[in-house]
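Trainee: Heads up: the protein sequence lines correspond to chains A and B, in order.
Read in order, the letters of the first sequence are residues 1 to 248 in our numbering.
Read in order, the letters of the second sequence are residues 249 to 453 in our numbering.
The C-beta atom is built at its ideal place from N, Cα and C for all residues, glycine as well.
If you're wondering where the values come from, they're calculated on a predicted model, not measured in any experiment.
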Amino acid sequence: MRLDVQQLGKRFENGRWGLREVSLALEGPGFTVVSGPNGSGKTLLARHILGLERPDEGRVLLDGADIHTDLREARRRIAFVFQEPEHQILGMTVDEDVAWTPSRLGWPKARVQASRERALQLTGLEGRGWEPTAFLSGGEKRRLAIAAVLVAEPEMIILDEPFNDLDWPGVKTLLSILLDLHHQGIALLVITHDLEKCLAHADRLVVMNHGSIAADGPVREIWDRLPELGLRRPGPLCGTLEGMTWLS
Amino acid sequence: MAVLTARLFRFHAVPTWPQRFGARLVIYVAMTLGAWLLPPWGALIALAAVFALGWRIHWGPWLRSLGWLWLFILAPLLAALVPPLPSKAELLPAAYRCLTFLALLSASQWLSASSTVYEIRAALSMLFRPFGRRVANFLSLGGALALCFIPWVLEQMDAVRQAGELRGVPSRKPLLALRALSIPVFVRMIEKARHTAEALELRGQ
Numbered sequence: 001m002r003l004d005v006q007q008l009g010k011r012f013e014n015g016r017w018g019l020r021e022v023s024l025a026l027e028g029p030g031f032t033v034v035s036g037p038n039g040s041g042k043t044l045l046a047r048h049i050l051g052l053e054r055p056d057e058g059r060v061l062l063d064g065a066d067i068h069t070d071l072r073e074a075r076r077r078i079a080f081v082f083q084e085p086e087h088q089i090l091g092m093t094v095d096e097d098v099a100w101t102p103s104r105l106g107w108p109k110a111r112v113q114a115s116r117e118r119a120l121q122l123t124g125l126e127g128r129g130w131e132p133t134a135f136l137s138g139g140e141k142r143r144l145a146i147a148a149v150l151v152a153e154p155e156m157i158i159l160d161e162p163f164n165d166l167d168w169p170g171v172k173t174l175l176s177i178l179l180d181l182h183h184q185g186i187a188l189l190v191i192t193h194d195l196e197k198c199l200a201h202a203d204r205l206v207v208m209n210h211g212s213i214a215a216d217g218p219v220r221e222i223w224d225r226l227p228e229l230g231l232r233r234p235g236p237l238c239g240t241l242e243g244m245t246w247l248s
Numbered sequence: 249m250a251v252l253t254a255r256l257f258r259f260h261a262v263p264t265w266p267q268r269f270g271a272r273l274v275i276y277v278a279m280t281l282g283a284w285l286l287p288p289w290g291a292l293i294a295l296a297a298v299f300a301l302g303w304r305i306h307w308g309p310w311l312r313s314l315g316w317l318w319l320f321i322l323a324p325l326l327a328a329l330v331p332p333l334p335s336k337a338e339l340l341p342a343a344y345r346c347l348t349f350l351a352l353l354s355a356s357q358w359l360s361a362s363s364t365v366y367e368i369r370a371a372l373s374m375l376f377r378p379f380g381r382r383v384a385n386f387l388s389l390g391g392a393l394a395l396c397f398i399p400w401v402l403e404q405m406d407a408v409r410q411a412g413e414l415r416g417v418p419s420r421k422p423l424l425a426l427r428a429l430s431i432p433v434f435v436r437m438i439e440k441a442r443h444t445a446e447a448l449e450l451r452g453q
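1. Does the beta-carbon distance from residue 97 of chain A to residue 133 of chain A come in below 8 angstroms?
2. Measuring alpha carbon to alpha carbon, tell me which of A/146, A/66, A/206, A/213 ends up nearest residue 51 of chain A.
3. For residue 159 of chain A, I'd like the list of residues in its chain whose CB is within less than 6 angstroms of its CB, leaving aside the five on either flank, ordered along the chain.
4. Write down the C-beta distance between residue 195 of chain A and residue 40 of chain A rounded to the nearest angstrom, noting that I regard them as a contact closer than 8 angstroms.
5. Name, in chain order, the residues that DSSP records as bridge partners for residue 10 of chain A.
6. Can you name the residues of chain A whose CB is closer than 9 angstroms to the CB of residue 365 of chain B?
7. Helix or strand or just coil, what does DSSP make of residue 132 of chain A?
8. For a minimum of 4 consecutive residues, which ranges assigned as the alpha helix (DSSP H) are wholly contained in the stretch 294-321 of chain B?
9. Suppose contacts are defined by Cβ-Cβ distances below 8 angstroms. Is residue 272 of chain B in contact with residue 363 of chain B by that definition?
10. Can you tell me whether residue 413 of chain B is buried or exposed, with buried defined as 16 or more other CB within 10 angstroms of its CB?
11. Quick one: what does DSSP say residue 58 of chain A is sitting in, helix, strand or coil?
12. Take the Cβ of residue 289 of chain B as the centre, count every other Cβ of all protein chains shown within 10 Å, and call the residue buried at 16 or more, exposed below.
13. Starting from residue 399 of chain B, find everything on chain A with Cβ-Cβ shorter than 7 angstroms and list it in chain order.
14. Output yes or no for whether 8 angstroms exceeds the beta carbon distance between residue 355 of chain B and residue 298 of chain B.
15. Residue 217 of chain A by DSSP, collapsed to three states: which one?
16. Check the Cβ-Cβ distances between residue 322 of chain B and every residue of chain A, and say whether any is below 8 angstroms.
17. Is it right to say residue 252 of chain B is buried, meaning 16 or more other beta carbons lie within 10 angstroms of its own, or is it exposed?
18. Three or more C-beta pairs closer than 8 angstroms, one from the stretch 89-106 of chain A and one from the stretch 144-153 of chain A: is that the case here?
19. Could you check whether the Cβ of residue 444 of chain B sits closer than 8 angstroms to any Cβ belonging to chain A?
20. Does any CB atom of chain B fall closer than 8 angstroms to the CB of residue 87 of chain A?
21. Hey, does residue 75 of chain A have any beta-carbon neighbour from chain B nearer than 8 angstroms?
22. Quick one: any contact between the stretch 179-189 of chain A and the stretch 17-37 of chain A, if contact means 3 or more CB pairs under 8 angstroms?
23. Sort B/393, B/397, B/359, B/282 by Cα distance to residue 433 of chain B and report the nearest one.
24. What residue range is occupied by the uninterrupted beta strand (DSSP E) comprising residue 280 of chain B?
25. Does the contact criterion of 3 or more C-beta pairs under 8 angstroms hold for the stretch 216-228 of chain A versus the stretch 196-203 of chain A?
26. Between the Cα of residue 2 of chain A and the Cα atoms of A/161, A/63, A/56, A/48, which residue gives the shortest distance?
27. For residue 226 of chain A, I'd like the list of residues in its chain whose CB is within less than 6 angstroms of its CB, leaving aside the five on either flank, ordered along the chain.
28. Measuring alpha carbon to alpha carbon, tell me which residue in A/147, A/136, A/75 is nearest residue 180 of chain A.
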């Protein structure tokens, strides 16, 4: 899969640019982190990639074709996990929520069942399909949101601030799940402020500022420039990139 | 709030006979009609059936929880007791009416306590089936979303109420509290509706 964001521009009604000349190419199962200050356009970029917004300039191509030509297929291939998982839970039970997308895609029952089992297993929710979604904890809801997008067998998952409101065990569990998915060949695009929680595992960092890309490249290359890009580099105890993992 | 949600939405129902929701619904309608149309025997039979079928329901706490509804149940009898005191022949119809009200409420409690929210939603979906699969699916989707939406709204209302209290909104003055709480709750509801619409779009609806 190849995703090309070409010269993307979005201007708000007040004349301010939300995104300006943003170009980005993502290919294969990479682990990319998008970071930057509040209001720098990270989520807006994701919304354009998913076709939730129409750009004023530029376009988003998926394998060479504009995503708006077949939005349904594009959204199956590129999944999105909301910042607040609560927003995307549509079923009353875990099973019902996970089966939502495949049943809308018209998959046969056996395929829905197999895919649901796999998604629940990957997110550590196996055997809990009967549970009402209203009673899940914050971390469990986030895992459910991932299971619910995973079930449609996407090639890329975009996660918006996935580590928000999670305690240490929650972050560890989520990070393990994300790394599992990454190793299985699913591309990850993580939008986050919490660089220290995932940067050690990422292979690419995109830093946004004022709606434009301020830096883009391998994490190691940008690591030393983080403070000048307006991002805090984690403190002396985990000053090296390798020592920053939350898994240990 | 989770307790309130659990009370409003029964995810786990009290086991009863018959197990099928449709059969219970038929029995409920029969009990209701019997209590209305054939007093006092219809009401008495309905009450006996309700307590026999729903013996696992905790009836004591439920009867106590009726609170001010007892006034409504006993209203015919209380009205008949206004001096000058009536004769036995005048009192009996009033007592039968009280019995009917109690039977109707008990039957509703039996159906409600023994049914999960899923059964009720499935029944609604069945009800709309004659209008076509598309309409039934659309209405069932609306029902499912509404049922997910209500616990969230309750949770938000509670959070906003607590925040309001901490910021000096007097909880003992309901009108003032309502004015202070309505805007944040309304804004959150609009936000939630927007996100839900986007989630539906992204998840293939």
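Mentor: Taking the geometry as given:
1. Yes, they are a contact pair.
2. Closest by alpha carbon: A/66.
3. Counting only Cβ-Cβ distances below 6 angstroms, and skipping sequence neighbours, we find 81, 190.
4. Contact doesn't hold; Cβ gap of about 14 angstroms is too wide.
5. Bridge partners of residue 10 of chain A: A/19.
6. At a C-beta separation below 9 angstroms, residue 365 of chain B has these neighbours in chain A: 92, 132.
7. Note: residue 132 of chain A maps to strand in three-state DSSP.
8. Segments of the alpha helix (DSSP H) lying fully in the stretch 294-321 of chain B: 307-313.
9. Taking 8 angstroms as the cut-off, the beta carbon of residue 272 of chain B is found closer than this to the beta carbon of residue 363 of chain B.
10. Flag for residue 413 of chain B reads exposed.
11. Three-state DSSP puts residue 58 of chain A in a strand.
12. By the Cβ neighbour-count rule, residue 289 of chain B is exposed, with fewer than 16 other Cβ atoms within 10 Å of its own.
13. Listed by position along chain A, the residues whose Cβ is nearer than 7 angstroms to that of residue 399 of chain B are 134.
14. In contact: residue 355 of chain B and residue 298 of chain B (Cβ atoms closer than 8 angstroms).
15. In the three-state reduction of the DSSP assignment, residue 217 of chain A falls in the strand class, which pools E and B.
16. Closer than 8 angstroms: no.
17. Note that residue 252 of chain B scores a pLDDT of 49, beneath 50, so its modelled location is shaky and nothing firm can be said.
18. Touching, per the Cβ criterion.
19. Closer than 8 angstroms to some Cβ of chain A, the Cβ of residue 444 of chain B qualifies, so yes.
20. Closer than 8 angstroms to some Cβ of chain B, the Cβ of residue 87 of chain A qualifies, so yes.
21. Answer yes: the Cβ-Cβ gap between residue 75 of chain A and chain B drops below 8 angstroms somewhere.
22. A contact between stretches requires three or more CB pairs, one per stretch, nearer than 8 angstroms, and the stretch 179-189 of chain A meets this requirement with the stretch 17-37 of chain A.
23. Closest option to residue 433 of chain B, Cα to Cα, is B/397.
24. That residue, residue 280 of chain B, is in no beta strand (DSSP E); its alpha helix (DSSP H) goes 269-285.
25. The stretch 216-228 of chain A, when compared against the stretch 196-203 of chain A, does touch it at the 8 angstroms Cβ threshold.
26. Comparing Cα-Cα distances from residue 2 of chain A to each of A/161, A/63, A/56, A/48, the minimum goes to A/63.
27. Cβ within range, chain order: 233.
28. That would be A/147, whose Cα lies nearest to the Cα of residue 180 of chain A.
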